[in-house]
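Novice: Sending over a structure as structure tokens; questions will come in a sec.
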């Protein structure tokens with residue numbers, strides 16, 4: 101386990117990474133770190149809110165999957181060997197370098213990549229960061245692993261997303277005209293993370309290694325289809341505003357009664373000018389000032405500025421509201437980024453009318469029934485990309501048989517749909533003995 105102070109989010113929400121990881125913890129394609137808030141005391145002294153987190157190490161994989169340590173290889177950033185086999189590292193680098201030399205990933209090359217990389221893991225990892233608007237990735241905070249006891253393919257770990265979900269105001273880098281033209285401001289809602297990760301060269305490092313694999317895969321039609329549909333499914337379900345707001349409000353409320361006490365302990369940490377904030381207990385700040393080790397201009401006004409112990413500071417509540425606004429509006433921006441970056445014709449609404457007592461409909465990876473986010477009064481509506489084929493599959497309940505579709509020309513239980521505008525479909529089931 102790790103006792104974490106929320107990293108770069110420490111002067112903000114105090115739970116940002118735990119929150120974002122919780123949104124995708126149900127996915128079995130990427131690794132996430134469990135989260136639980138805690139209050140820390142050291143020798144009886146109060147040290148405020150911290151996060152209990154799982155640690156990504158060999159024990160994580162042996163505990164979760166029962167894998168032998170000697171079967172594991174873990175790489176980070178530019179294929180740095182964190183654990184395991186240097187031979188496996190060289191195999192990964194050989195694959196990445198080979199793909200980097202190809203102007204287009206043909207179907208043969210795509211099959212080669214698929215034989216060594218769990219593509220759905222990569223897609224889900226990139227989809228999460230794209231939605232989160234995380235500027236501190238993929239040139240940083242990226243790790244991947246494989247085991248010879250499992251499928252033997254590379255899979256991805258989600259870690260340290262603190263710079264996502266509207267964490268920033270305006271970064272200096274985001275104020276440059278060139279950066280804005282390419283990606284928009286880094287402040288959150290309209291940061292184009294798809295373009296950020298999909299460009300040939302990483303803007304921060306001026307190097308291609310962080311982006312090259314994803315950049316080349318975007319030249320393959322099947323990969324673009326899988327990526328686009330996975331993103332659309334996510335935005336219609338676990339990244340849907342109602343779903344995200346429910347999780348956010350629950351997690352914020354879990355620590356809200358303690359936030360006032362926490363920032364009473366660290367009165368300088370919520371200042372607007374983070375560069376001059378001293379993230380120290382108030383008693384330590386006073387001691388430094390008394391010793392002449394803290395300039396007067398840097399000393400927080402302890403008497404007038406210390407937050408109330410009973411109520412969360414207004415700045416913390418404003419931060420939570422900023423995250424709520426991100427949850428509400430970010431999906432529309434992400435859809436727009438996919439349309440512009442991939443050159444698609446637009447988006448369209450797909451409405452499924454359904455009696456859930458008779459059957460279900462699976463749209464790509466998303467199961468539509470009475471439990472689906474957004475299902476109401478016999479129908480469900482999702483947003484999908486034009487020019488990207490989607491799959492609909494009718495699944496009858498026991499005692500029913502599928503007989504056809506309303507709204508579609510194809511009448512098989514599984515049909516492919518290429519949307520060029522809004523569409524309403526209904527599966528037809530009949531009772532059988």
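Residue numbers (the numbering used here): 101 to 533.
Built from N, CA and C at the ideal position, the CB exists for glycine as well.
Quick caveat, the model's predicted, so the values are computed rather than measured.
Taking residue 108 as the reference, give the member of 129, 142, 150 with the closest Cα.
Specialist: Within the chain shown, numbered from 1, the residue matching residue 108 stands at position 8. Residue 150 is the option with its Cα nearest to residue 108.
Novice: Taking the beta strand (DSSP E) that residue 517 falls in, what are its first and last residues?
Specialist: As a position in the chain shown, residue 517 is number 417, starting the count at 1. First-last of the beta strand (DSSP E) with residue 517: 514–517.
Novice: May I ask you to report which of helix, strand or coil DSSP gives residue 182?
Specialist: Counting from one through the chain shown, the residue named residue 182 turns up at place 82. Strand, per DSSP.
Novice: Less than 8 Å separating the beta-carbons of residue 266 and residue 175?
Specialist: Here the question's residue 266 lines up with position 166 in the chain shown. Here the question's residue 175 lines up with position 75 in the chain shown. For residue 266 and residue 175, no; Cβs fall outside 8 Å.
Novice: Whole angstroms is fine: what's the gap from residue 480's alpha carbon to residue 486's?
Specialist: Locating residue 480 in the chain shown gives position 380, counting from the first residue. Locating residue 486 in the chain shown gives position 386, counting from the first residue. Distance between the alpha carbons of residue 480 and residue 486: 19 Å.
Novice: Around the C-beta of residue 511, are 16 or more other C-beta atoms found within 10 angstroms, so that it is buried, or is it exposed?
Specialist: As a first step, residue 511 is located in the chain shown; it is residue number 411 there, counting from the start. Exposed, because fewer than 16 other Cβ atoms sit within 10 Å of the Cβ of residue 511.
Novice: Taking residue 295 as the reference, which of 352, 356, 229 has the closest Cα?
Specialist: Counting from one through the chain shown, the residue named residue 295 turns up at place 195. Comparing Cα-Cα distances from residue 295 to each of 352, 356, 229, the minimum goes to 229.
Novice: Using beta-carbon positions only, say whether residue 261 and residue 121 come within less than 8 Å of one another.
Specialist: Here residue 261 corresponds to residue number 161 of the chain shown, with the count starting at 1. Here residue 121 corresponds to residue number 21 of the chain shown, with the count starting at 1. Closer than 8 Å, so yes.
Novice: So the candidates are 163, 180, 325; which of them puts its Cα closest to the Cα of residue 518?
Specialist: If you number the chain shown from 1, residue 518 lands on position 418. Taking only the C-alpha atoms, the option nearest residue 518 is 325.
Novice: Along the chain, where does the alpha helix (DSSP H) that runs through residue 282 open and close?
Specialist: Position 182 of the chain shown, counted from the first residue, corresponds to residue 282. First-last of the alpha helix (DSSP H) with residue 282: 277–283.
Novice: For residue 397, collect the residues of the same chain with a Cβ closer than 7 Å to its Cβ; drop the 5 residues on either side in sequence, then sort them by chain order.
Specialist: Residue numbering aside, residue 397 sits at position 297 when the chain shown is read from its first letter. Annotation note: pLDDT 37 at residue 397 (below 50); position unreliable, no value reported.
Novice: Are there three or more Cβ pairs, one per stretch, closer than 8 Å when the segment 488–496 is compared with the segment 470–477?
Specialist: Judged by Cβ distances under 8 Å, the segment 488–496 makes no contact with the segment 470–477, as fewer than three pairs qualify.
Novice: Checking the sheet assignment: what are the DSSP bridge partners for residue 247?
Specialist: As a working mapping, residue 247 is identified with position 147 in the chain shown. In the DSSP output, where bridge partners are listed per residue, residue 247 has 172.
Novice: For residue 500, tell me which candidate among 360, 527, 236 has the shortest Cα-Cα distance.
Specialist: Residue 500 sits at position 400 when you count from the first residue of the chain shown. The residue with the shortest Cα to Cα distance from residue 500 is 527.
Novice: Based on Cα-Cα distance, which residue from 414, 329, 177, 344 lies nearest to residue 305?
Specialist: Locating residue 305 in the chain shown gives position 205, counting from the first residue. Taking only the C-alpha atoms, the option nearest residue 305 is 177.
Novice: Only counting runs of 3 or more residues, tell me where the beta strand (DSSP E) segments fall wholly within the segment 467–502, in order along the chain.
Specialist: If we require 3 residues or more, the beta strand (DSSP E) runs fully inside the segment 467–502 come out as 479–485, 490–496.
Novice: What first and last residue would you give for the beta strand (DSSP E) that runs through residue 325?
Specialist: What you label residue 325 is simply residue 225 of the chain shown in a count that begins at 1. Looking at the DSSP string, residue 325 is not in any beta strand (DSSP E); the run it does join, the alpha helix (DSSP H), is 321–335.
Novice: Check whether the Cβ atoms of residue 348 and residue 450 lie closer than 8 Å to each other.
Specialist: One-based indexing of the chain shown puts residue 348 at position 248. One-based indexing of the chain shown puts residue 450 at position 350. Not in contact: residue 348 and residue 450 (Cβ atoms no closer than 8 Å).
Novice: Hey, out of 141, 317, 213, 463, whose CA is closest to residue 361's CA?
Specialist: Counting from 1 along the chain shown, the entry for residue 361 is found at position 261. Comparing Cα positions, the closest option is 141.
Novice: Since residue 256 sits in a beta bridge, which residues does DSSP pair it with?
Specialist: Counted from its first residue, the chain shown places residue 256 at position 156. Its beta-bridge partners are 130, 244.
Novice: How is the alpha helix (DSSP H) around residue 125 delimited, first residue to last?
Specialist: On the chain shown, residue 125 is found 25 positions in, with the first residue counted as 1. Neither: residue 125 is in no alpha helix (DSSP H) and is coded neither H nor E.
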